[in-house]
Each structure stands twice: as structure tokens, then as C-alpha cells.
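As you go down the protein sequences, you meet chains L and B in turn. Per this note's numbering: the first sequence = residues 12 to 247. Per this note's numbering: the second sequence = residues 12 to 247. Every residue gets a Cβ at the ideal spot worked out from N, C-alpha and C, and that includes glycine. Notes for the one structure printed next.
Protein chains: 2
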Amino acid sequence: MTAFTPTHRSKVKRLHERGRYDEESVFAILDAGILAHIGYVIDGQPYVTPTAYWRRGRTLYWHGSSASRMLRTQKVGIPVCVTVSLLDGLVVARSGFHHSVNYRAVMAFGRARFVEDAKEKEAELDYFIERIYPGRVATLRPVNQQELKGTTLIAMEIEEASAKVRTGEPKDDDEDYALDIWAGVIPIRQVVGAVENDPRLKAGVALPEHLRRFTDGTRFDSLVADSTGRLAKAAE
Amino acid sequence: MTAFTPTHRSKVKRLHERGRYDEESVFAILDAGILAHIGYVIDGQPYVTPTAYWRRGRTLYWHGSSASRMLRTQKVGIPVCVTVSLLDGLVVARSGFHHSVNYRAVMAFGRARFVEDAKEKEAELDYFIERIYPGRVATLRPVNQQELKGTTLIAMEIEEASAKVRTGEPKDDDEDYALDIWAGVIPIRQVVGAVENDPRLKAGVALPEHLRRFTDGTRFDSLVADSTGRLAKAAE
């Protein structure tokens, strides 16, 4: 099993029994999400920016306009922390102290760099769309040079990463299990809603086959994990 | 309308037309979420930790064990950035470039401090439970001194904050609207699942009235915004 080597920086300290360092655990969480929180520092001040991301091997990618403060700063290669978290449920305990949440989270550390090569840039942006909407890129108006130029693509090789996961029922104090207090789990999940046509959609254009899996009520993390997993496997 | 004054630190630079600084916009997002991403710096290295939080007026709170690296560091009052984001949908455009997501996000800046007073600590921890499960605290085994001591409570007065929101359909290039490409929005929402009893639940203990609003399929952000809003109003 390939694993990341935890150091002082990435080792899970609080509730360390929830920590995992193997690639499989880390990648499974990264591949089920689309929104990361990117932490970076300017003049001692921390910033946390939510942004869409994707993973290829041990590299994370995200993009944005070159006007963005974050990206301008990262041009010199500052250290960043990329955190992805998925909320899975409310843990309802018999005492206030033991109330908790079920979640899957990854903290990944590394140094961000610009991807400058136009071909690599285009391939990565296509991958980002394909991982969510497999089959879509071939149906789109192709990207043009101006757009490629106007898109800043950032890559970060993961130097260290840790996953932290909580699942299951509350852990109450032994003597509290005798109390007449309800306890359990309220699951939380992210789901897809009913697809909405663009009001300016050209007459006669139907929802394409590649978007039909987005049906009302389907778990979004499962959809993303599934298509990302198949894409990653095909690339091996 | 009361508003935060944006400075260099909090002003929305990228896609600035999406930025908002009024308390109402900022608080509405903070009160609809329960998971924040807290950014802080140790020796120049950024860390982003996902954690449950709540708001009272212009103050944000979160808690954890005093063993946590983050909390130990914050004991000296380092600057933090608290980001809350809610993903509302996938924006599916006619070109790769215009694919986007709908979201609501807040970045809040300030300095974290420990809450040391036991009474204030207890009141805040109760509030945290009441904002998600109104009516629950009165039914629980009361908190004990050891638990209060073992819980580290952090508070941050919001010095500056900005909200950033994207809603609605794709914004495609004018000439692309003539193409035979489907475009639109796939809504994403966080919902509650079917409530699960603790396997060790005492026989005869039924789901209490105060948890009955957590019905399978209900939007979680609406539930939280609703109960938090009523609690905040009652406190005015």
C-alpha cells in the first residue's frame, strides 16, 4: 500500500485514531469532491479561498483568473494547504459534549506552481470537465487561444497529506447509555436536483446522453467519485 | 444597512460584481452553514482545518480539544481567516471556459482568542446545539466541569468580511448561444437522510419532537438557517 509519510505538519494530532495516510484513503476523498479550500499566506495573513479542483496522480490542480490575488501570490511558489471536506452526518449524542459530525476530510500540503504550457493546460482543463461530465468535452465549442491565455492553471504536487474520517454512531460515556435520551445519526448528503435548461437554450436542443446520470436525488459525491474513478483507471 | 468596510484584505477582486459586504448577506450565509474552513499560519506554513462553528452578532465561535495544534497556536491570538462555502449547483455552459458553479461563500478575518469564562463557555456550547437542534439542550445530561475544562472554545470578532455569491444560468459568449449545445444548471443541495437510531439506544426511547423536522430529503441549509434565525431573533 502506497502511503504518504506524515511529519509534524501533516500528522493528525487531535483524535489521531481517525487519521489515515495511505494514498487510497486520501485519493478516494479527493476524487469524491469538487470544491477545495485553499490556504495561503500573504504578509503573515492567512487566506482561505474555496475553489473547484481536480487530482491527477499526486498532483492537485485548480484554476482561476490571473487577476486573482491568490494566483498572483502563488506565482512565486508559496506553500499552500489544500483541504477538502465532505459532511456525512450529524452525530446526536446523550450529552452536549459528545455531539459530533461524521465527515471525510483531507489536508494536502505542497508548493503551488503555474502550469504555463498551453497543451498541458488544455488537457488539464478538459480533464476537469470530463471528470464531472464524462463525454462532454467532445460536444463543446473548442477552447480558443484567448481563453487559454486568460485561464491561470495552478498545480501542486502533494508533498504530504492526511485523511481524517469519522463514521458511525455516537460514542457516549458508559453511564449515559442508561439514560432515557434519544441518540443516533442524522445522515447528510449532497444530492443533485432537477436539471434546469438555460432560459436561452436553442430550440430543439435536448439534454445530452452524457448528462442523463444527473437525476434528481442522486448523491453528488457518488456521481463524481464514479466518473473520476473510471477516468483515472483509463489513464493508468 | 449595516455593512463591513472592505479593505485590501477582504475586497473581492476576482469577479468583483459577485462581492457583497452588508451584514445581512454575510450573516445569512454564516447562519446557513455548520462547517467552516479555518485558515491559520505556523512558521509561514498555512493550515486549513474544517470545523463546526457558529455565530453570535459579529463573533464567530468554534471549539475542539486543547490538544489541537490549531488551538494551541491560536492561544497567542494569531490572525485567522474563516471561510464558509455552500455549493448550490453546476453551471453547464456551451464552452469549457464558461463552465462554473453556483455557490454562496463568506471569508471572515479577525484574531482568535480563547473563551476562558466557564459560564460563557457553557452558554456558547449550548447555543451551538440549540441552533441545529432547537429544544435539545433541556433534554440532555448536563455538561460537567471536566467536560467544560476539556473543551477549548475559540472566539473571533469579525474585523472584516465579504460574501461572494453566484446564482443562475451560464454566461456564454454571445455567438455561442446559436450552437446546438445543451446548457443549463444542475442544482446541488445538501439534504438530510433517514434518521438512524444508535444501535445502543435504550428500549422505549423514541425520536423526540425536537428532531422530527429532520425528515428524509429536507434541505439541510434551510433547516439550519431557519432554526438559527429564530434563535438569533429571540436573542435580540
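In terms of beta-carbon proximity, W193(L) lines the interface with chain B, with at least one pair separated by less than 9 Å. Secondary structure note for G161(B): it is in no beta strand (DSSP E), and the uninterrupted alpha helix (DSSP H) holding it is 156 to 161. As a beta-bridge residue in DSSP terms, L101(L) pairs with V112(L), I197(L).
Look at G240(B) here: in three-state DSSP terms it is helix. In the three-state scheme derived from DSSP, where H, G and I count as helix and E and B as strand, G30(B) is classed as strand. H221(L) and F38(L) have their C-alpha atoms spaced approximately 24 Å apart.
Within the same chain, Cβ atoms closer than 8 Å to the Cβ of R122(L) are found at G88, I89, P90, V91, M167, E168, E170, the five residues on either side in sequence being excluded. Put simply, of R67(B), V148(B), E186(B), S111(B) the residue whose alpha carbon is nearest the alpha carbon of I192(L) is V148(B).
By DSSP's assignment, Y144(L) forms no beta bridge with any residue.
Following the DSSP letters along the chain, one finds A217(L) in no beta strand (DSSP E), marked with neither H nor E. In chain L, no part has a C-beta under 8 Å from the C-beta of Q156(B); the shortest such distance is about 11 Å. DSSP places S106(L) outside any beta strand (DSSP E), giving it a letter other than H or E. Each residue's CA atom was taken as its position, placing L97(L) and N208(B) some 22 Å apart. Any Cβ of chain L closer than 9 Å to the Cβ of E207(B) would place that residue at the interface, and such an atom is present. At least one C-beta of chain L is nearer than 9 Å to the C-beta of G228(B). Residue-level contact by beta carbon fails for V37(L) and chain B, as no gap is shorter than 9 Å. R224(L) and A14(L) have their C-alpha atoms some 33 Å from each other.
The way I'd put it, the stretch 188 to 205 of chain L doesn't touch the stretch 139 to 153 of chain L; fewer than three beta-carbon pairs between them come closer than 8 Å.
Contact check between the stretch 28 to 36 of chain L and the stretch 25 to 39 of chain B: fewer than three CB pairs, one atom from each, fall below 8 Å, which does not count as touching. For G50(B), a Cβ of chain L is located within less than 9 Å of the residue's own Cβ. Nearest Cα to G50(L) within the set I40(B), P61(B), L46(B), L41(B): P61(B). Counted as a single uninterrupted DSSP element, the beta strand (DSSP E) harbouring Y64(B) occupies residues 56 to 67.
Taking the Cα positions, G146(L) is about 37 Å away from A236(B). Under DSSP, G228(L) shares a beta bridge with no residue. Between Y32(B) and S173(B), the beta carbon gap of about 6 Å places them in contact (Cβ cut-off 8 Å). Within the same chain, V202 come within 6 Å of G228(L) by CB-CB distance, once the 5 residues on both sides are set aside. Sorting F108(L), G179(L), L46(L), K132(L) by C-alpha distance to the C-alpha of E135(B) places F108(L) at the top. Residue range 171 to 177 is occupied by the beta strand (DSSP E) that includes R177(L). In this structure, DSSP gives V235(B) a helical state, which the three-state scheme calls helix. Chain B places a beta carbon closer than 9 Å to that of K213(L), counting this residue as a contact. Taking the Cα of I45(L) as reference, the smallest distance to any Cα among K213(L), A104(L), V117(L), A189(L) is reached at V117(L).
Beta-carbon to beta-carbon, V95(L) and I40(L) are separated by about 6 Å, close enough to satisfy the 8 Å threshold. When C-alpha distances from W73(L) are compared across L101(L), E133(L), R241(L), the shortest belongs to E133(L).
Not one beta carbon of chain B lies nearer than 9 Å to the beta carbon of F125(L).
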